[in-house]
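Residue numbers (full-length UniProt numbering): 1 to 119.
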């Protein structure tokens, strides 16, 4: 089963994203910021898909996280979501897809299933 790492500092948004990931047929792992995400990646190894917010507290934002993941784990597919900025910034950071917040639940599910291998 493919794994999706959801990185989002807003608890409610993270919970909804986790539910959508699981509904799409993937194993979901969560992190509240980029530092937690990197800790999870170091402990468990690469994930199949990274789904990250852009603006969050901690040592780096989601774009820097996406860029670092792209360099260290190049096979990981990356989805960036933000209510600020646009797809150009996400693409420059190595993202495969960009979602503007708020995003449609079914659009995320469809994209995850297209990008990965659900159970």
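Cβ atoms here follow ideal geometry from the backbone N, Cα and C, with glycine treated the same way.
These numbers come from a predicted model, not from an experiment.
Among the options, nearest to residue i - alpha-carbon criterion
i, options, result
"residue 61", "7, 40 and 97", "7"
"residue 26", "89, 10, 36 and 48", "48"
"residue 85", "77, 29, 98 and 94", "98"
"residue 52", "43, 68, 118 and 45", "68"
Beta-carbon gap between residue i and residue j smaller than 8 Å
i, j, result
"residue 82", "residue 100", "yes"
"residue 41", "residue 73", "yes"
"residue 20", "residue 105", "yes"
"residue 90", "residue 80", "yes"
"residue 115", "residue 77", "yes"
"residue 34", "residue 2", "no"
"residue 32", "residue 66", "no"
"residue 110", "residue 56", "no"
Coarse secondary structure for residue i, derived from DSSP in three states
i, result
"residue 30", "strand"
"residue 54", "coil"
"residue 87", "helix"
"residue 116", "coil"
Residues sharing a beta bridge with residue i, DSSP
i, result
"residue 77", "49"
"residue 98", "80"
"residue 3", "27"
CB-CB length for residue i against residue j, believed under 8 Å
i, j, result
"residue 28", "residue 113", "The Cβ separation is near 14 Å, so there is no contact."
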